[in-house]
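Remarks on the structure that follows.
There are 2 protein chains.
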Amino acid sequence: MQRALSVSRMTGNSSTFPDWYQAIVREAELAEVSPTRGAMIIRPWGYGVWERIQQTLDRRIKETGHENCYFPLFIPLSFFAKEAEHVEGFAKEMAVVTHHRLKQVDGKLAPDPDARLEEPLIVRPTSETIIGDAFSRWIKSHRDLPVLINQWANVVRWEMRTRLFLRTSEFLWQEGHTAHATAEEGREETLKMLEVYREFSETVLAMPVVAGEKPENERFPGADKTYSIEAMMQDGKALQAGTSHDLGTHFAEAQNIRFQNSAGELVHCHTTSWGVSTRLIGGVIMTHGDDDGLRLPPAIAPRQVVIVPMLRDKPEDAEVLAAGEALVKVMGQVIALGEPVRALLDVKAQKSAEKRWNWVRRGAPVIIELGPRDVAGGTISFMRRDRLRDGDKVTSQSMSRADFLAGLPALLAEIQQGLYDEAKARLDANIRTDIASFDEMAAYFGAAAADDEDATAFRGWVRAPWARPTGEELEAIEQKLKALRLTLRNAPMDQPATFGPCLFTGRPGVEEILIGRAY
Amino acid sequence: MQRALSVSRMTGNSSTFPDWYQAIVREAELAEVSPTRGAMIIRPWGYGVWERIQQTLDRRIKETGHENCYFPLFIPLSFFAKEAEHVEGFAKEMAVVTHHRLKQVDGKLAPDPDARLEEPLIVRPTSETIIGDAFSRWIKSHRDLPVLINQWANVVRWEMRTRLFLRTSEFLWQEGHTAHATAEEGREETLKMLEVYREFSETVLAMPVVAGEKPENERFPGADKTYSIEAMMQDGKALQAGTSHDLGTHFAEAQNIRFQNSAGELVHCHTTSWGVSTRLIGGVIMTHGDDDGLRLPPAIAPRQVVIVPMLRDKPEDAEVLAAGEALVKVMGQVIALGEPVRALLDVKAQKSAEKRWNWVRRGAPVIIELGPRDVAGGTISFMRRDRLRDGDKVTSQSMSRADFLAGLPALLAEIQQGLYDEAKARLDANIRTDIASFDEMAAYFGAAAADDEDATAFRGWVRAPWARPTGEELEAIEQKLKALRLTLRNAPMDQPATFGPCLFTGRPGVEEILIGRAY
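Protein chains in written order, with the UniProt record's numbering: chain X, 1 to 519; chain S, 1 to 519.
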């Protein structure tokens, strides 16, 4: 557990977890800070991971009956004014477009005062308002329901303190928006997508999560219920990795989304929304990274197998390159994890040792070093990124080309499963269920509380019964937790039959809730 | 059998071509005008076409060695100031973000005066500036070259007169950006991507194009050379469907993109950029649509085969639905045009005649009507959208299920090829090469010139030799053409060996150029 808190193999220094995280983002060439404040440049390897997330999640979104579409980036200000009246806790940190032309003013390029917009436009922070407006036009009768749509888009939320992938002023995400005839159908949809996220996160990202319901104070503004999946990072903090909101008729009332039911009455729809974002990439890094860099689960690795040719500026180089190309082709016909294997021959003008470490840092699941002897002998020498080291020694294996190819699907499946198992064991081992009082919890987290926000002391989560307090009582608890830098994460979907007393009130518990530090 | 669309597309009819176009966009449920001025809502069927364009073009972009990444939506104003100094013809119609928060001001939600940005941000109209900035950091040595990247993104250009897909203030596109060590490599890249666009357009969109070089006055500001593919719409107008720019060292000089060459000298890179957008969907509509609606080439049809079950609220309905579902599954295992067939059973609560016409209007290539008799007899009755009518009669065919499935790959390939051939014949038949003087050309186009911009008179293009005039002489020609609402399109890549006199100057021609009306 402590191993990940050191970046010794990457930077030569021991350092904090945030430093380690930043080092991986940089060294694996995933993303970089952009000249636009708070935004990021997602580099090809990082974007390749996002493309894999898109492809694999999009398939699941479509298989559950949703269709993709695209709504405008800009939303008229008046849409938010309507929302602000309805929704308490409405966030106001948004980018505002006020002009539509530039002009030389006093010798400097500036917004043209003559091109001021009559109504300012908001760069979408989320699209409930503009999609709800379309729903109100599209939906007339119960025969139009359900409406099940999704979009992949960029959104902007003005954030003061940003961290690549985890919190950036612009990020990429998918947002699902649906409308239903009944409360029951809305609830079913919300839980169905929560389950899609859980299964996706565990199967594809190899990132175990706890799916559950957010407490009242952590709900999406305007939602009846908000559910989340929470993943445990290697510093013990929780990452909210996806949310699904049962919006009830709240948005439908604000936006006049109504339909004629079979009895001929005009009634409001029940709507939902749900989303995951490029934040997931941050989750993958903090779940699977090690002291050598990133380890990517094969299901989201842009390249699952990378061949580093051992070239020596000699005539046999051509043979090695030809053999490498042939091997890439053959692997492209092998099906692993349900898809053709994604392989690459790295032909960049770089020394092979440098290349190998590039791919170690980037987390390619299998790295082959192909030299003239392998070509002559029909052998494959490779290292598994998930088990790179035995102590300080880098381990590699060698086998016949035929055996390697025959075993490749099992190898990639094993790596995928192994990464999941490792993270799952860590999650399970670090949820304390034996804490019986708030003070005991304060003592557990206390040592780290005294440190700054980037504290390195590892603390997992606490799972304890509570009485599901609301209103002011909940607010007071929230404040007490905040002093320990703790938050209520969610009430897991799987709950026991009976509960002990509430950790906060001493009253009989009605469910168990997770408590932890969080991103 | 009433027609799905009452407007006729071709010349001499009461409805205009623009009305016909709008009717298809609406009736095929491709897109709609949004409450955000100038932007569009791309509906699921239209977005499905875009997804097919993305998938098929993205494969080609990657196969030619490019990697996808993502750059910020917002670009600091100073980046454009730098560009404006360098680039004449720099467009200034751009959305400007000036505030980052909303606030209640005098009881109304408004930009917070205390949250004014120090430096305004521009919503990207194209990303040369911000990507060039990254290139200047990434590129140090000749060993870093070439850099070959692409991004799929939304861009915003403030347009006063918008038309769905063809010209909207926000649109979706891909933009490739590359940097090279030599002028020759930059030129090769520019032409390679032009050829990718040509092949993609003809093979996938079934839209024949003429690839060629834009004249000087139509170049991208700052480009050494601009190439385009031009497609002929059914009203005879040209649609610029994609562009590829050889930027020389122009942007590299403005942005300080330099590398150390093998001789150790610090020299500027040669850069290129190239893009296609959601405008292609407009091109597909105006190439393949007919009086009944859209006809989609199978390669980009979100669903290639749609089954309309003939239900009669009787017990045998269940059998029909089960047979339909089974058929969708079986078709999903048939490979056509290199991919599994995309089939759908339409189970919406709608009458089957209504459903059938929905799919006719939307342009599904093959529509099956599946009734109890087909299920019992093991037959398939279907209509081909590309040959829907024989005169006024809708034609359908019936054959055994086994024969239909065996013939499906050939059927879809034949539809794809047939749509291309039809458009290619129209293109070839409507490029006049026999016009010898400007006056003769004016007479040919003249009749329509008197009409308004939405004139229905069909005129194709003129292809004629010219002396490639430049500067003021070219400007004067441009003005003369403008009076006829004509523009120079491009000088096709395939040129004859010798040329007659220049249509404009009478001097010896040096190449042939296309002239026409355009979108």
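No residue lacks a Cβ here, since even glycine has one placed at the ideal position from N, Cα and C.
Given the structure is predicted, the values throughout are model-derived calculations rather than measurements.
Thinking C-beta only, is residue j closer than 7 Å to residue i?
i              : j         : result
ILE41(S)       : GLU27(S)  : no
ILE75(S)       : THR162(S) : no
THR287(X)      : SER244(X) : no
PRO365(S)      : PRO298(S) : yes
LEU109(S)      : LEU102(S) : yes
LEU486(S)      : ILE515(S) : yes
LEU370(X)      : ILE415(X) : no
HIS100(X)      : ALA95(S)  : yes
LEU164(X)      : VAL284(X) : no
GLU472(S)      : ASN217(S) : no
GLY222(S)      : HIS250(S) : yes
residue 521(S) : ASN490(S) : The question about residue 521(S) has no answer, for chain S in this structure spans 1 to 519.
VAL462(S)      : VAL97(X)  : no
Where residue i and residue j are concerned, what is the direct C-alpha to C-alpha distance, given to the nearest angstrom?
i         : j         : result
VAL204(S) : THR56(S)  : 8 Å
GLU83(S)  : THR168(X) : 27 Å
ARG303(S) : MET399(X) : 45 Å
SER127(X) : TRP359(X) : 38 Å
ASP454(X) : SER262(X) : Because ASP454(X) carries a pLDDT of 49, less than 50, the predicted location of this residue cannot be relied on, and the following value inherits that uncertainty. Each residue's alpha carbon lies about 57 Å from the other.
GLY289(X) : ARG198(X) : 21 Å
GLU511(X) : GLU51(X)  : 38 Å
PRO113(S) : LEU280(S) : 41 Å
ALA206(X) : GLY132(X) : 34 Å
TRP20(X)  : MET493(X) : 33 Å
SER34(X)  : TRP45(X)  : 16 Å
GLY107(X) : LEU121(S) : 18 Å
ILE61(S)  : ILE149(S) : 9 Å
ARG361(X) : MET383(X) : 13 Å
GLY363(S) : ASN68(S)  : 31 Å
GLN22(S)  : ARG43(X)  : 39 Å
LYS480(X) : ARG459(X) : 18 Å
THR433(X) : THR182(X) : 37 Å
ALA402(X) : SER396(S) : 52 Å
GLU93(X)  : GLY338(S) : 48 Å
My understanding is that residue i touches residue j, with C-beta atoms under 8 Å, so please give their C-beta distance in whole angstroms.
i              : j         : result
VAL334(X)      : VAL341(X) : 5 Å
GLN151(X)      : ALA518(X) : Wrong, their Cβ atoms sit about 27 Å apart, outside the cutoff.
GLY275(S)      : GLN174(S) : 6 Å
THR271(X)      : ALA179(X) : 5 Å
PHE504(S)      : PHE438(S) : 6 Å
PHE135(S)      : VAL123(S) : The Cβ separation is near 21 Å, so there is no contact.
GLN260(X)      : LYS140(X) : 7 Å
SER273(X)      : GLY176(X) : 6 Å
PHE200(X)      : THR278(X) : Rounded, the Cβ-Cβ distance is 15 Å, inconsistent with contact.
PRO125(X)      : ARG157(X) : 5 Å
residue 534(S) : ILE367(S) : This structure cannot settle anything about residue 534(S), because the visible part of chain S is limited to 1 through 519.
Can you pull the DSSP bridge partners for residue i?
i         : result
ALA336(X) : GLU339(X)
HIS250(X) : For HIS250(X), which the question treats as bridged, DSSP gives no partner whatsoever.
GLY516(S) : THR487(S)
SER381(S) : GLU369(S), SER398(S)
TYR227(S) : GLU213(S), SER244(S)
ARG167(X) : ARG163(X)
GLY293(S) : ASP290(S)
LYS108(X) : VAL105(X)
VAL156(X) : GLU170(X)
TRP461(S) : ILE431(S)
PHE259(S) : VAL267(S)
Within 6 Å: the Cβ of residue i and any heavy atom of the ligand GDP?
i         : result
GLU339(S) : As for the ligand GDP, it is missing from this structure, which has no ligand bound.
Item to check | Three-pair Cβ contact test at 8 Å for the region 225 to 233 of chain X versus the region 317 to 325 of chain X | outcome: No contact exists between the region 225 to 233 of chain X and the region 317 to 325 of chain X.
Next on the checklist: Assess contact between the region 462 to 471 of chain S and the region 242 to 256 of chain S, defined as three or more Cβ pairs (one per stretch) separated by less than 8 Å. Is contact present?
Outcome noted: In this structure the region 462 to 471 of chain S does not touch the region 242 to 256 of chain S; the number of beta carbon pairs closer than 8 Å is below three.
Checklist entry - Is the region 251 to 258 of chain X in contact with the region 182 to 196 of chain X, if contact means three or more CB pairs nearer than 8 Å? => result Short answer: they don't touch.
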